[in-house]
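Residue numbers (the working numbering): 9 to 893.
Okay, structure coming up:
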């Protein structure tokens, strides 16, 4: 069968005849059978995905579902959101057509054809190579729609029905209705005849078409195999550059096509939208209890592209631009339309906005359909400006608000909430320390100054969680924020946070959750009444970046505040990935997706950490408040650590020699003045190579035997020990060796006294609770699960059997033992260093011992305090004096 000369998909034949044939077949079936068009469109989408997979090194097999293949491609090259959404739209409408044979309409089929055409052009430009040089797509040739006249008459009838309910001249309107109904019947007959005629032609060609498709599909598979082999032969640099180019490319859309894209985006969040049919000139008007986007609404300076109506109330003006146009500046045009909005066709507008009430619509948006890119900030995203206050600033959003979110936003008075917040005291059922109150006030001041982010740096063990709970409580009680996302990066921290919110009594003996609704990690989507939702970074990455259903993706307004616990995260190379829902390629990939989640929501961002890193300040800015480890030790809220015990081993056959008590001397008069916030996290040395050398039984037995024989560690004492290992298997070995050495030295020992707690452990969250609250286990052996955020005050001994090259991770490890525990008389904590990690990282670490010399007497310190002429020495002596107290 000859391919139509005017097919929109001719250019695909340069890649493979199957692709062009599927597109042409979809077009040919349009008039007689829109259902078949949708199925063929889906098949073209599947073929494009398979072709792409073969060209980027993703293996194909007969079991590949389209949804799984799209997820693989997206994880591999991070597809532009519009590209991915278009793939999914085509997949879903095609699936629906395959399972529901009668509901497909010509309008649906035309929309699908347009979408797969735009996707084909994107594919051709990115994967066509020399074939796509100087390619110009031209305009989309729309197929003749036999249902258009029927739809026009149906809309006319609906308009007359609405008018009849209001008009006094009902007889005249009824007559017009009868005429329209008669014309509609004629149009339906003509449409049926046209479809029947086309169906006869299609049926005679269909068998030949299917035979041809089957024949060339084998050639398509062979071409894909060859493409996969060709990709594998490319140098790694070329592969990386090629994949990076694809991830940055987006759909090339005209202004009209951009409007179709905007239609779908608005529909996805709950607005009625149809730029071709739901427009003012075709009789579209606002209706009670219906949220709709009406296109081409008249204003004093020309028609607005869209006006959003919440029922009868105009709430926003949208200016749509061609993809190549600046969006930031288009807000000015939207403001002009908001001023000149024509309200003659609706009930009188009750409110006016801005200075002297010059705006009739309170919110303005502008977009060119491109997803937000930081590198092209003013040419991408959805720019937004609330014109009610002249000092409001325009900002870029990553999606559209739902109708109910706009409703809540407009009904909320920020000024009243902030006045309430400023007047609130700190009289709660638990006592906040002075520095905790200072931290809370610093964040609240940042909010009131109109900032969008705040970073709080507080040393591990100084009560960030209690500070956070009090802050969140105040922000909700004052009604400054409506719903807060509490974001953690692992389920253990989420469980612990949920326990803290459930147990903390705020006022009149009521717990936080007695007053405000909270949903924990089990809930993917918060209920309307939920005030705090705890979620993991991995879970949010999955919902935002890898959601199979666009409707399941959270809206940008679902939360108006995000609190990120342990926001320094970014040392993935040194971490277990055991409890994640999404895997990350490397540290940069994790930080990129982590940042994408945080910046996706139109929300105020609060970061909490003990160890700020460079990427932390890039997201949250410089700290609005800091409270260091040294300050906490001097103030008596944390405990100091002794200089580490360095255990040096030399393996010579089975004989082991070791030196002990190699104390590291620390002296830095500037401890409290050093700014670590921009210190690079990763240091240059080969951690993996070094760690492989310590996973030997002889080495580990020597270390453990020394610790037990010298009574550095005693599993019968109340003081607990935490051991850091390289891998899960290494942890198993260490547990076995500890039990064997303890049994040899102490006699019988309880099996639960020494336990592995890693992501591979059976029910690790329960094990963590036992470690924290019960006598056993006394010695916990971990890899990464207990390195951060876990609060066990009885930890007194830290044993390092692994190296890391991350300052952040190292300080988090040290932070496990800094908490006071007066119940067991804990005054300092001990570090046993078998891998020289302390010496490697001490130059960049902020957690140096305050009292550097255990033998330093009070008399000596008194002399330094009273006779030193150097302010730095005097300050150091004061801090050491207080620390020894």
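The beta-carbon is built from N, C-alpha and C at its ideal position, and this holds for glycine as well.
Owing to the predicted nature of the structure, the values given are computational and were not obtained by experimental measurement.
(message) Here's the rule I'm using: 16 or more other beta-carbon atoms within 10 Å means buried, otherwise exposed. How should residue 183 be labelled?
(response) exposed
(message) Tell me the rounded alpha-carbon separation between residue 265 and residue 253.
(response) 23 Å
(request) Please report the residue range of the alpha helix (DSSP H) in which residue 420 lies. (result) Unbroken run through residue 420: none, as it is neither H nor E.
(request) Can you check DSSP and say which residues form a bridge with residue 787? (result) 729, 762
(request) Could you check the C-alpha separation between residue 247 and residue 409 for me, to the nearest Å? (result) 38 Å
(message) Taking the straight line between their C-alpha atoms, what separation do you get for residue 617 and residue 467?
(response) 8 Å
(request) Quick one: give me the first and last residue of the beta strand (DSSP E) that residue 398 is part of. (result) From DSSP, residue 398 is part of no beta strand (DSSP E); its letter is neither H nor E.
(request) List the whole-angstrom C-beta distance separating residue 288 from residue 304, where the pair is believed to meet the contact cut-off of C-beta under 8 Å. (result) 5 Å
(request) Go ahead and pull the three-state DSSP assignment for residue 176. (result) Unreliable positioning characterises residue 176 in this predicted model, as indicated by a pLDDT of 49, which lies under 50. A coordinate reading is not provided.
(message) Give me the residue from 15, 360, 491, 442 with the minimum Cα distance to residue 541.
(response) 491
(request) With DSSP collapsed to three states, give me the class of residue 617. (result) strand
(request) Name, in chain order, the residues that DSSP records as bridge partners for residue 634. (result) 465
(request) Could you tell me whether the Cβ atoms of residue 800 and residue 840 are closer together than 8 Å? (result) no
(message) Based on DSSP bridge pairs, tell me the residues matched to residue 336.
(response) Answer is none; residue 336 lacks a bridge partner.
(request) Keeping to the same chain, check which residues put their C-beta closer than 7 Å to that of residue 713; ignore five residues upstream and five downstream. (result) 749
(request) List the residues that DSSP assigns as beta-bridge partners of residue 56. (result) According to DSSP, residue 56 bridges with nothing at all.
(request) Using three-state DSSP, classify residue 514 as helix, strand or coil. (result) strand
(request) Leaving aside the five residues before and after residue 402 along the sequence, list all residues of the same chain whose C-beta is less than 8 Å from its C-beta, in chain order. (result) 336, 339, 391, 392, 393
(request) Give the DSSP bridge partners of residue 649, in chain order. (result) 837
(message) Under 8 Å: do the segment 509 to 528 and the segment 453 to 466 share three or more Cβ pairs, one atom per stretch?
(response) no
(request) Note down, in chain order, each residue of its chain lying with its Cβ closer than 8 Å to the Cβ of residue 898, except the 5 sequence neighbours on either side. (result) In the structure as shown, the chain starts at 9 and stops at 893, and residue 898 therefore has no counterpart that could be examined.
(request) Output yes or no for whether 8 Å exceeds the beta carbon distance between residue 708 and residue 745. (result) yes
(message) Taking 8 Å as the cut-off, does the segment 552 to 570 touch the segment 599 to 612 (at least 3 CB pairs, one atom from each stretch)?
(response) yes
(message) For the pair the segment 85 to 104 and the segment 39 to 53, tell me if three or more CB-CB distances fall below 8 Å.
(response) yes
(request) For my contact list, residue 804 and residue 825 are in at a C-beta cut-off of 8 Å; report their separation, rounded to the angstrom. (result) 6 Å
(request) Could you please give the first and the last residue of the uninterrupted alpha helix (DSSP H) stretch that includes residue 102? (result) 89 to 107
(message) Using a 10 Å radius around the Cβ and a threshold of 16 neighbouring Cβ atoms, would you call residue 53 buried or exposed?
(response) buried
(request) May I ask you to report which of helix, strand or coil DSSP gives residue 391? (result) strand
(request) Quick one: residues in its chain with C-beta nearer than 6 Å to the C-beta of residue 312, no 5 flanking neighbours on either side, listed in chain order? (result) 305, 325, 345
(message) Taking its Cβ as the centre, do 16 or more other Cβ atoms sit within 10 Å of residue 439, making it buried, or is it exposed?
(response) exposed
(request) Just confirm the distance between the C-beta atoms of residue 132 and residue 20, as a whole number of angstroms; I'd bet it's less than 8 Å. (result) 7 Å
(request) Could you round the C-beta distance between residue 791 and residue 736 to whole angstroms and report it? I think they count as a contact, below 8 Å. (result) 6 Å
(message) How far does the beta strand (DSSP E) with residue 314 in it extend, from its first residue to its last?
(response) 312 to 318
(request) Report all residues from its chain with a CB closer than 7 Å to the CB of residue 362; omit the five preceding and five following residues, and keep chain order. (result) 395, 396, 398
(request) Within its chain, find whatever has a CB closer than 7 Å to the CB of residue 479; leave out the 5 residues flanking it on each side and keep chain order. (result) 448, 451
(message) With DSSP as the reference, identify every bridge partner of residue 375, one or two as the case may be.
(response) 328, 390
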